[in-house]
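Chemist: Here it is, the structure, as structure tokens.
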Amino acid sequence: DGFPRSIENARDFVELCGPPELALHLDCDDTVLLERILDRGEQSAEEARRAEEEGIEAVNVRADDNVFTAINRLRTYHKHHAPTMQWLKKMKVPVVELDCSGSKEDVWGHLSAVGRLMRPAVRVPRGALEAGGGAHQP
Numbered sequence: 002d003g004f005p006r007s008i009e010n011a012r013d014f015v016e017l018c019g020p021p022e023l024a025l026h027l028d029c030d031d032t033v034l035l036e037r038i039l040d041r042g043e044q045s046a047e048e049a050r051r052a053e054e055e056g057i058e059a060v061n062v063r064a065d066d067n068v069f070t071a072i073n074r075l076r077t078y079h080k081h082h083a084p085t086m087q088w089l090k091k092m093k094v095p096v097v098e099l100d101c102s103g104s105k106e107d108v109w110g111h112l113s114a115v116g117r118l119m120r121p122a123v124r125v126p127r128g129a130l131e132a133g134g135g136a137h138q139p
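The sequence shown lines up with residues 2 to 139 when you count with this note's numbering.
What follows is the structure, encoded as structure tokens:
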């Protein structure tokens, strides 16, 4: 999964938002991805069982976290991945490669580091945060 998932997604993005300034490529071995999806499915099913026993509504239940859907997602990803990466290269979009095979904490640390590096480059129009009810911009 990700965005853009296909060249059509990428073209739509450029039409709506302009060309991307940066792309993050979160790379992970298929086996690790399958394990994570199936683990999440098991956790989701357990949460649904507990909620049913307690007579409450289950939240965060993912019926699509099963081996068949996961394999289909990976097939779709592999079908569109190379052309989309080639499109980004053709558009001269810098791509930051991140290995996401590690722990959740490691992956979050990598993403947070990229975010900290990008923060000075992000320009928020004056008044945008106040209009949205967010924090004050100095």
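Glycine included, each C-beta is placed from N, C-alpha and C at the ideal position.
In this text, all values refer to a predicted model and were calculated from it rather than measured experimentally.
Give the single residue among G19, A24, P20, C18 whose Cα lies nearest to the Cα of E98.
Modeler: Ranking the options by Cα distance to E98, first place goes to A24.
Chemist: Where do the N-terminal and C-terminal ends of the alpha helix (DSSP H) with E55 fall, by residue?
Modeler: Per DSSP, E55 belongs to the alpha helix (DSSP H) from 31 to 55.
Chemist: Taking DSSP's pairing of strands, which residues face L99 in a bridge?
Modeler: In DSSP, L99 forms a bridge with L27.
Chemist: Using a 10 Å radius around the Cβ and a threshold of 16 neighbouring Cβ atoms, would you call G1 buried or exposed?
Modeler: It is not possible to answer for residue 1, since the shown part of the chain is limited to 2 through 139.
Chemist: Would you say the segment 62 to 79 touches the segment 39 to 51, given that touching needs at least three Cβ pairs under 8 Å?
Modeler: Flag = yes, the segment 62 to 79 and the segment 39 to 51 touch.
Chemist: Going by alpha carbons, who is nearest to G143 out of R117, R74, E48, R50?
Modeler: As shown, the chain starts at 2 and ends at 139. That puts residue 143 outside it, with no answer to give.
Chemist: Buried or exposed: which applies to T77, given that a residue is buried once 16 or more other Cβ atoms fall within 10 Å of its Cβ?
Modeler: Exposed, because fewer than 16 other Cβ atoms sit within 10 Å of the Cβ of T77.
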